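Data first, discussion second: the structure below is written as structure tokens.
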Amino acid sequence: MLGVCYYPEHWDENRWRTDARRMRELGISFVRIGEFAWSRLEPLRGTFTFEWLDRAIDVLHEAGLRVVLGTPTATPPKWLVDECPDIIPYDEQGRPRGFGSRRHYTFSSETWWKESARIVEIVAKRYGEHPGIVGWQTDNEYGCHDTTISWGPEDLKSFKRWLRLRYQSSDQLNEAWGSVFWSMELSSFDDVALPNLTVTEPNPATRLDFWRFHSDQVAAYDKMQCEIIRKHSPGRWITHNFMGFVSDFDHFKVGDNLDLASWDSYPIGFVEKFPFTEEERNRWAETSHPDIAPYHHDLYRAVGKGRFWVMEQQPGPVNWAPWNPVPKPGMVRLWTWEALAHGADVVSYFRWRQAPFAQEQMHAGLNLPGLDEWSPGGREAMQVSEELAALGALPETSQAPVALVFDYQSYWSTMIQPQGKDFRYEELCFRWYEALRHLGLNVDFVRPGASLEGYPLVVVPCMTEVSEAAQAELEKVEGVVVIGARTGSRDRNFRIPDMLPPGPLGNLTGNRVIQVSSMRPGLSDGVSGAVSGRAIRWREYIETSASVLATFENGDPALTGKGKTLYLACWADAELLAEVLELATKKAGVATLRVPDSIRLRRRGDLVFAFNYGTENWPLPEGADPLLGEAVLKPQAVAAWRA
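So the sequence shown is residues -14 to 628, counted in this note's numbering.
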């Protein structure tokens, strides 16, 4: 269940057999290679040097390692960029983003699609039926470094083509975009301009379509690669390694192409990326926040239709955050076990050996730079390997008691028109997830419109556009549904619904939203009744035929209930959110176990795992007989027992 990312092209070939032997000694079974190797595979157009990769795959296979081969499209070589400058992406200011790092391509370039298909087919033909190859990774980290959206001439050309297919006529386009406003009507699709470099805010409907277009481009590009691989490499699975807190494209749509999802887990680096308070960042600087990695494990298990890997697990300090502390002793082991507890098939560490050169030389590996000597993270990986061997096969994961409906388009919509500067969809979902995990609960992520059958509790932190499929699934839920603010606030053309928010869910909730107010930092509105706390950032003024369970300070409804549907008309602070979700779990009959801020629980089959991110010991629940760890959970420790 352990793997590693390896770059044979970075090391003298004389080291490969020793590396492969030591991987097996560590307990590693899977090795990912090749995702950045295009310039070594094809140094000049049509000149291929596959022999080194042939030998590397043979060495790994002969050592008993199973190889995951990456397509090399994340790093177009210099000769290709010089020959085909139309593949280069552009930033929002209209400036080219050139050669010199990675991901220097736009998904809109027809030339790029042809070149990608060419190299993927050549690689897939050569290695597709090699007995050492068990799986494939398409490209690497779509969207990383803000590379989903590009603003160049190739993007405009492809965007116009996408709009023609979507709207058929310029009249329909004008109607959908509300182009009569500010005299923005277009006489033909040729008049369409990119929604950037405008004097003030571009048309939000145009921006949403531009985001949808790019998201569709990513999914289609990935599908193209998958079809080529399946043609030439039957019986092997395909994945893509997604990133944390990158929501610029719909990962569920890419997941539709794949056999399983994977993601790259850098929990400490993501503490700096996420909008935590400075107090939170300092508190979790050396361990990460207890919900960052689990949030993504559960999300990508959903993207992967029940299967996921951690393709890159942080093994020590990274190099790309504003500050890069060393993880506390025990954290690499804890993160590994946590991924496995959430259902990961494999946890693969990045990387085998720290590189002493180039952009990532400050990024730790399982070995010290240039040496055959374990790093502290490498020693923790070895401990996990020994513990896995002692514990035996892990049980299958089962459906959680809670479903969290996660919608990528709601992220785009609220980024386009936040209305309040600090309204961020990802953060809202994360805080709801955090509150559920404080209650000791397993959580499943579900895409809008997917089945919600069997869940006693369904939470919808925010879903700006409610499709017919999503509406139907929510109306079929037999358990309790909790719906958050801004849900149903826009239709598919980014208009306020005629029936007012929550739009199609008006009958389900009994509510109509008349006004909304965004609150600057320091302002809040008290909430009291069946729950208490404060509304921060966002507050809605609603008319309701439902029961009023809690009110704002002026007596307006804050939490309503109609049947088994609760509606929360604000962004809740931690106290209010905790009470709302605890009320919902009681109403749904879901058993909870409130845990301290630094403790998290996760069930996998009949095994219960506990993780301690804090500084204090925590005694396991009464009756827990640990198969892993001890009865008192020490800081940065892991325990597991049978329920």
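All residues carry an ideal CB built from backbone N, CA and C; glycine is no exception. These numbers come from a predicted model, not from an experiment.
Asked: 6 Å CB neighbourhood of P62 in its chain, flanking five on each side removed; Found: W23, S24
Asked: P433 - containing beta strand (DSSP E), residue span; Found: Where P433 is concerned, there is no enclosing beta strand (DSSP E), given that its DSSP letter is neither H nor E.
Asked: Three-state secondary structure (DSSP) of K313; Found: coil
Asked: N496 burial status per 10 Å Cβ neighbour count (16 or more: buried); Found: buried
Asked: Span separating the alpha-carbon of H281 from that of A385; Found: 15 Å
Asked: For W359: DSSP bridge partner residues; Found: N352
Asked: Simplified DSSP state of D510, which is helix, strand or coil; Found: strand
Asked: Close Cβ partners of V52 (< 6 Å) along its chain, the five nearest in sequence each way excluded; Found: V16, I42, L45, G117, I118
Asked: Residue from L356, P57, V443, S502 with nearest C-alpha to V387; Found: V443
Asked: Backbone CA spacing between E460 and G113 [nearest angstrom]; Found: 46 Å
Asked: Buried or exposed by the 16-neighbour rule on C-beta atoms within 10 Å, applied to P581; Found: exposed
Asked: Q384, DSSP secondary structure in three states; Found: coil
Asked: Status (buried if at least 16 other CB within 10 Å, exposed otherwise) for T133; Found: buried
Asked: With 16 other Cβ atoms within 10 Å as the buried cut-off, status of I527; Found: buried
Asked: 8 Å Cβ cutoff, F84 in contact with chain D; Found: The displayed structure is made up of one protein chain only, and chain D is not part of it.
Asked: CB contact flag (L493, T550, <8 Å); Found: yes
Asked: The region 588 to 602 contacting the region 311 to 324, beta-carbon criterion three pairs below 8 Å; Found: yes
Asked: Inter-residue spacing [alpha-carbon to alpha-carbon] between T34 and I104; Found: 13 Å
Asked: Helix, strand or coil at D249 [DSSP, three-state]; Found: strand
Asked: Under 8 Å between C-beta atoms of F174 and V203; Found: no
Asked: Inter-residue Cα distance where the pair is S172 and S143; Found: 18 Å
Asked: Contact set for K258: own chain, Cβ-Cβ below 8 Å, skip 5 residues either direction; Found: G229, F230, A306
Asked: Member of P28, V108, H89, R40 whose CA lies at the smallest distance from the CA of R215; Found: V108
Asked: Identified DSSP bridge partners for L544; Found: A535, L553
Asked: Host alpha helix (DSSP H) of R519 (start-end); Found: Premise fails: R519 lies in the beta strand (DSSP E), 518 to 529, not in any alpha helix (DSSP H).
Asked: Contact check, G19 vs P57, beta carbons under 8 Å; Found: yes
Asked: Contiguous beta strand (DSSP E) assignments of at least 3 residues, all confined to the region 481 to 509; Found: 496 to 503
Asked: Closest residue to G631 among S135, D558, R589, T382 (Cα-Cα distance); Found: Any answer about residue 631 is impossible in this case: the structure gives the chain only from -14 up to 628.
Asked: Run of the alpha helix (DSSP H) containing I13, from where it starts to where it stops; Found: Taken as a continuous stretch (DSSP letters only), I13 belongs to no alpha helix (DSSP H), as it is neither H nor E.
Asked: 8 Å Cβ cutoff met for L373 and M8; Found: no
Asked: Buried or exposed by the 16-neighbour rule on C-beta atoms within 10 Å, applied to Q500; Found: exposed
Asked: Which of helix, strand or coil DSSP assigns to M(-14); Found: coil
Asked: Three-state secondary structure assigned by DSSP to T34; Found: coil
Asked: Those residues which DSSP pairs with N(-1) across a bridge; Found: In DSSP, N(-1) forms no bridge with anything.
Asked: Outcome for H475 when other beta-carbon atoms lying within 10 angstroms are tallied against a minimum of 16; Found: One point to set straight first is that residue 475 is Arg, not His, in the sequence displayed. Buried, since its Cβ has 16 or more Cβ neighbours within 10 Å.
Asked: Helix, strand or coil at T224 [DSSP, three-state]; Found: strand
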